[in-house]
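Enquirer:
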Amino acid sequence: MKTTIKNINLYLLTLITCFTLSCKKDFMDVTPPDKISSELVWNDAALAQAFVNDIYNGLGNGGFSEEMLSSVSDESLFTHPTRGIDLVNNGTINPSTLGWVNDSWAYKAMYNRIRACNTTVERIAGGNNGLTSQDLKDRLLGESYFLRAYFYQQLLRFYGAVPIITKTYSLTDDFNVKRNTYEECVNFIIKDCEEANRLLTGKTMDKGRTTALAALALKSRVLIYAASDLHDRTKLTAKISGIPAQKLDFLSYSSGNQTERYRLAQTAAKAVMDLGTGYKLSLTAPVSVADGTKNYKSIAMGGGSAAPGVDLSAASELIFARYFIIQNNIKHAQQNGPNGYHNWAGNTPIGLLVDDYEMNDGTKFSWTNAVQKANPYQNRDPRFYATILYDGAGWKPRDKASGNVDPASQIQTGIYDLIDNGTRIDFKGLDTRGSTIENWNGSWTGYYYHKFIDPDPNIVDASMSQNVPWPFFRYTEAVFNYIEASIELGELDNAKNWLNKIRFRAGMPAITATAQAELRDIYRHERRIEMAYEEQRYHDTRRWLIADVTLGRKTTYIKVTGKFKAGKTMSAPYHYDPTVYDYTYSPIVENAQENRNWDNKLYFRPFSRDEINKNNLLEQNPGY
Numbered sequence: 001m002k003t004t005i006k007n008i009n010l011y012l013l014t015l016i017t018c019f020t021l022s023c024k025k026d027f028m029d030v031t032p033p034d035k036i037s038s039e040l041v042w043n044d045a046a047l048a049q050a051f052v053n054d055i056y057n058g059l060g061n062g063g064f065s066e067e068m069l070s071s072v073s074d075e076s077l078f079t080h081p082t083r084g085i086d087l088v089n090n091g092t093i094n095p096s097t098l099g100w101v102n103d104s105w106a107y108k109a110m111y112n113r114i115r116a117c118n119t120t121v122e123r124i125a126g127g128n129n130g131l132t133s134q135d136l137k138d139r140l141l142g143e144s145y146f147l148r149a150y151f152y153q154q155l156l157r158f159y160g161a162v163p164i165i166t167k168t169y170s171l172t173d174d175f176n177v178k179r180n181t182y183e184e185c186v187n188f189i190i191k192d193c194e195e196a197n198r199l200l201t202g203k204t205m206d207k208g209r210t211t212a213l214a215a216l217a218l219k220s221r222v223l224i225y226a227a228s229d230l231h232d233r234t235k236l237t238a239k240i241s242g243i244p245a246q247k248l249d250f251l252s253y254s255s256g257n258q259t260e261r262y263r264l265a266q267t268a269a270k271a272v273m274d275l276g277t278g279y280k281l282s283l284t285a286p287v288s289v290a291d292g293t294k295n296y297k298s299i300a301m302g303g304g305s306a307a308p309g310v311d312l313s314a315a316s317e318l319i320f321a322r323y324f325i326i327q328n329n330i331k332h333a334q335q336n337g338p339n340g341y342h343n344w345a346g347n348t349p350i351g352l353l354v355d356d357y358e359m360n361d362g363t364k365f366s367w368t369n370a371v372q373k374a375n376p377y378q379n380r381d382p383r384f385y386a387t388i389l390y391d392g393a394g395w396k397p398r399d400k401a402s403g404n405v406d407p408a409s410q411i412q413t414g415i416y417d418l419i420d421n422g423t424r425i426d427f428k429g430l431d432t433r434g435s436t437i438e439n440w441n442g443s444w445t446g447y448y449y450h451k452f453i454d455p456d457p458n459i460v461d462a463s464m465s466q467n468v469p470w471p472f473f474r475y476t477e478a479v480f481n482y483i484e485a486s487i488e489l490g491e492l493d494n495a496k497n498w499l500n501k502i503r504f505r506a507g508m509p510a511i512t513a514t515a516q517a518e519l520r521d522i523y524r525h526e527r528r529i530e531m532a533y534e535e536q537r538y539h540d541t542r543r544w545l546i547a548d549v550t551l552g553r554k555t556t557y558i559k560v561t562g563k564f565k566a567g568k569t570m571s572a573p574y575h576y577d578p579t580v581y582d583y584t585y586s587p588i589v590e591n592a593q594e595n596r597n598w599d600n601k602l603y604f605r606p607f608s609r610d611e612i613n614k615n616n617l618l619e620q621n622p623g624y
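Everything in the sequence shown is counted per this note's numbering, starting at 1 for the first residue and increasing by one.
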C-alpha cells in the first residue's frame, strides 16, 4: 500500500510542478505550491484515489505497534513500562491521565479518519465530482464506507457509544454533539458494512485494500460483540453496579433480546464462512504435532515468509490484512525478539498465557503434576511451539559479531552451572537480564514472543525488516463467531463440529463435551490460544464480563535453573542438554514491574478531559 501511495505522491508532485510553472506569469497567484484544491482532487481519478489511499493510513501497522494490545491483557508484559501501559494495568487511568493510547484506536485519530471518509462519501455519493468511471466511484465509495465502519467499530469497542458524525464540519459549525446510543452505533456500522459489500461485490481489489468479504467480516465481528454479555443490560448491571441510568444506553441495548442478537451474529458469521476459504478447515482428524505447528506458523506468516517449512498457501486464511509494513521501516521482530540477539524484548509472554496451553492429548497442563513440572515444554499444544520462545527452544543463528557464544542457536533464559577456567560459575543465559548482550533489554518473564516473527534464519531481526502482514480479519475469526453464537443458541453439535475442525488443523484431539456451560468454557479457551496476540483477548475478556477474574490477575514469570548432574560438566559455550543438567522450572508471581489490578471502570476507556472540554455534550463513561 505504501508503494501505491508513494507513486501517487510522485504524480501529485509532477502535477503541482507543471501547474506552478504554467502560472508563473501570474505573480499574484497565492495558491500554496505544495497544496491541491479539493476541486482538483475530486475531478481527477488519480488524485481521488490518492485521497482514499491516505485514509488507509488510519489503520497504522495494525497490531504491530511497539506496545501491543496483548500487554494490556493476560497475554504479555511490556518490558519497558514507562510508556503508560502500567497505568492501564493497575487501573489508575483517568480523563487527565490516559496511560498508553495507540493511534489505531485513539478518539481524535479515529475521528480525523472518519472525517476523510465523510468527505469521500459527500463528494462521490453526493455527485459533487468530475470522475467519469462509475467503477472507480463505486470502488472508492465502497472502500470509504468500509473504513468508516472500521474506525467506528474501533471507537465502539474501546469507548462504548460515540457521536455518529456523517458530515464534514466547517469552522462555523457547532461542535457540541451528543453520544448516540450503543444500538444506534451498531446499526450505523452494519449499514456501512452492507453498503461496502454491495459496492465492492464483483470488484477485483489490489492487495491490501478492503473487499466485499472484508466488509462482511467486519459485520460479523460487530454483531458478535453486540450480542455479548457486556452489552446485554440485565447482565451488565448484574455484574457492574452503580452505572447511572442515563448512561446505560451508551453501553447496552435498551430493547430486543440477546437470543435475537446471537441469531443475527450467527447468520453474519455464516455468510463469511460461505464466501471465504480459510486454511485446512476440512479435516476430519488431527494432523501430526509437527504439522500442527507448521500449519499455525504458516497462518501467522500470512504468505510473507521464505522460511523452510512455511506453507505460503496459508495466506488464504487472511480476509483483510496490512501488507507492505516493511516500507514503513517497522522492525516488529527487533522490537520483540530476544535481547541476546540485540533485540528489545518488548511484549513478552507471561506465564498466565503459557500455562493455558494444553498438553497435546487435550488434558490441562498443571504445575502440580510432577511429570509436567519437570518438563513443562514437552508434549504441549502444537501451537505453543509457534507462539512462545522458551528456555532451550531452537531459534536463529546469533550475530556472528558477538563471537561463537551459542553455536546451538537456542534460547537461554535460565541460570546454569558452567565451568570457567576450572571453576564452576553461575552462568546467566544470553537472553536474560544478566546477559553479556544488552542485558537491559532482557525479558522479565523468562519467555519471548515468537508468533509474528519470521523464523527465516536469513533475516537478522535486529537490522532487517520482515514481510509478515498484520491480520485485521482472518477466516477463523468468523468461524469462532459462528461457534460462539451457536453455543449460546443451544446448537451444540454444530458448534462442536467447527471447534474440532480448528483443533484438528492444529494437531489437537476432538473435544467431546456435551453441556452448554462446559462447551462455552472450552470455546473461550480455544479462542484464547488460537487468536493469541491478535488483539482479541483485550476485548473478549470485557465483552464476556470475565475481566475481573482474568485481567486482574498478577503477572507470573518462570525461573529456570540448570545444575550439573552427578559426574557431568560443561564448559563455555553453554547449550541446553538434559543429559548434563538437571533443570528446575519455578513459576513465580511477580508484581515489581506491574502490580496489576482490575477496576470495573476499565470495561470502557475514558474520554480525555480535552475532548469533554471541546464537546460539552459528550458524557463521560462511568467510573471516570
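Glycine residues also receive a C-beta, built at the ideal position from the N, C-alpha and C atoms.
No experiment lies behind these values; they were computed from the predicted model shown.
Please specify which runs of the beta strand (DSSP E), each continuous and at least 3 residues long, are wholly inside the stretch 452–524, giving them in chain order.
Expert: Fully enclosed beta strand (DSSP E) runs of 3 or longer: 470–474.
Enquirer: In angstroms, rounded to a whole number, what distance separates the CA positions of Tyr475 and Tyr107?
Expert: Cα to Cα, the separation comes out at about 28 Å.
Enquirer: Hey, would you say Thr211 sits closer than 8 Å to Leu200, going by beta carbons?
Expert: Yes.
Enquirer: Between the C-alpha atoms of Lys270 and Gly490, what's the straight-line distance to the nearest angstrom?
Expert: Approximately 16 Å between the Cα atoms of the pair.
Enquirer: Rounded to the nearest angstrom, how far is the Cβ of Thr293 from that of Ala370, given a contact under 8 Å?
Expert: Contact doesn't hold; Cβ gap of about 26 Å is too wide.
Enquirer: So, at 8 Å on beta carbons, what are the nonlocal neighbours of Phe146 in its own chain, with the 5 sequence-adjacent residues on each side left out?
Expert: Taken in chain order, the residues that qualify are Asp192, Cys193, Ala196, Leu200, Thr210, Ala214, Ala215, Leu218.
Enquirer: Expressed to the nearest angstrom, what Euclidean distance is found between the alpha-carbon atoms of Pro622 and Ala513?
Expert: Taking the straight line from one Cα to the other gives about 38 Å.
Enquirer: Helix, strand or coil for Val52? Go by DSSP, reduced to three states.
Expert: Residue state, collapsed to three classes: helix.
Enquirer: Out of Gln153, Tyr152, Gly127, state which residue places its alpha-carbon closest to the alpha-carbon of Leu141.
Expert: Ranking the options by Cα distance to Leu141, first place goes to Gly127.
Enquirer: Could you name the residues of the same chain whose beta carbon sits closer than 6 Å to that of Gly552, not counting the 5 residues immediately before and after it, in chain order?
Expert: Counting only Cβ-Cβ distances below 6 Å, and skipping sequence neighbours, we find Trp598.
Enquirer: Output the boundary residues of the alpha helix (DSSP H) element that contains Thr259.
Expert: Taken as a continuous stretch (DSSP letters only), the alpha helix (DSSP H) holding Thr259 covers 258–275.
Enquirer: For Ile419, which three-state DSSP category applies?
Expert: Strand.
Enquirer: Assign Met301 to one of three DSSP states: helix, strand, or coil.
Expert: Correct three-state label for Met301: helix.
Enquirer: Are three or more beta carbon pairs between the stretch 432–441 and the stretch 339–346 nearer than 8 Å?
Expert: Counting Cβ pairs under 8 Å, three or more are found: they touch.
Enquirer: Compute the Euclidean distance between the alpha carbons of Phe427 and Ala374, then round it to the nearest angstrom.
Expert: Spanning the two alpha carbons is a distance of roughly 21 Å.
Enquirer: Please state whether DSSP places Ala214 in a helix, a strand or coil.
Expert: Helix.
Enquirer: With a Cβ-Cβ cutoff of 8 Å, do Leu77 and Thr445 count as a contact?
Expert: Closer than 8 Å, so yes.
Enquirer: Who are the near neighbours of Leu353 in its chain, counting only those whose CB is closer than 6 Å to its CB and skipping five residues on each side?
Expert: These residues qualify, in order along the chain: Glu75.
Enquirer: Check whether the Cβ atoms of Gln466 and Ile326 lie closer than 8 Å to each other.
Expert: Contact flag set, yes.
Enquirer: Taking 8 Å as the threshold (C-beta atoms), are Ile419 and Met570 in contact?
Expert: Yes, the Cβ-Cβ distance between Met570 and Ile419 is below 8 Å.
Enquirer: When you compare each of Pro587, Glu143, Phe64, Ser144 to Tyr628 by their alpha carbons, which one comes out closest?
Expert: It is not possible to answer for residue 628, since the shown part of the chain is limited to 1 through 624.
Enquirer: Are the beta-carbon atoms belonging to Thr233 and Glu619 less than 8 Å from one another?
Expert: In the sequence as displayed, the identity of residue 233 is Arg instead of Thr. No.
Enquirer: Excluding the 5 residues flanking Asn112 on each side, which residues of the same chain have their C-beta closer than 8 Å to its C-beta?
Expert: The residues are Gly58.
Enquirer: Taking Cβ positions only, does Asp274 come closer than 8 Å to chain D?
Expert: No chain D appears in this structure, which consists of one protein chain only.
Enquirer: Please classify Asp610 as buried or exposed, where buried requires at least 16 other C-beta atoms within 10 Å of its C-beta.
Expert: So Asp610 counts as exposed.
Enquirer: Could you please give me the residues that DSSP links to Ile588 through a beta bridge?
Expert: Looking at the DSSP assignment, Ile588 forms a beta bridge with Tyr557.
Enquirer: Beta carbon of Tyr253: closer than 7 Å to some heavy atom of the ligand MG?
Expert: The model depicted lacks the ligand MG and carries no ligand whatsoever.
Enquirer: Closest to Thr120 by CA distance: which of Ala45, Trp100, His575 is it?
Expert: Nearest C-alpha to Thr120: Ala45.
Enquirer: Return yes when the Cβ of Val468 is within less than 8 Å of the Cβ of Gly302, no when it is not.
Expert: Going by C-beta atoms, Gly302 is nearer than 8 Å to Val468.
Enquirer: Buried or exposed: Glu260, going by 16 or more other Cβ atoms within 10 Å of its Cβ?
Expert: Per the 10 Å Cβ criterion, exposed.
Enquirer: Assuming the contact rule is C-beta atoms closer than 8 Å, Ala333 and Ile453 should be a hit. Round their C-beta distance to whole Å, please.
Expert: Indeed, because the Cβ distance is near 4 Å, the residues count as touching under 8 Å.
Enquirer: Helix, strand or coil: how does DSSP classify Tyr533 here?
Expert: Here Tyr533 sits in coil by DSSP.
Enquirer: What are the boundary residues of the beta strand (DSSP E) that includes Leu352?
Expert: Looking at the DSSP string, Leu352 is not in any beta strand (DSSP E); the run it does join, the alpha helix (DSSP H), is 351–354.
Enquirer: Might you give, ordered along the chain, the residues of its own chain that have their beta carbon closer than 6 Å to the beta carbon of Ile93, omitting 5 neighbours on each side?
Expert: Cβ within range, chain order: Leu87, Gly99.
Enquirer: Under the rule that 16 or more other beta-carbon atoms within 10 Å means buried, what is Ile124, buried or exposed?
Expert: With 16 or more other Cβ atoms within 10 Å, it is buried.
Enquirer: Please work out which residues of its chain come closer than 6 Å, Cβ to Cβ, to Ser305, disregarding the five sequence neighbours upstream and downstream, and give them in chain order.
Expert: Counting only Cβ-Cβ distances below 6 Å, and skipping sequence neighbours, we find Asp454, Asp456.
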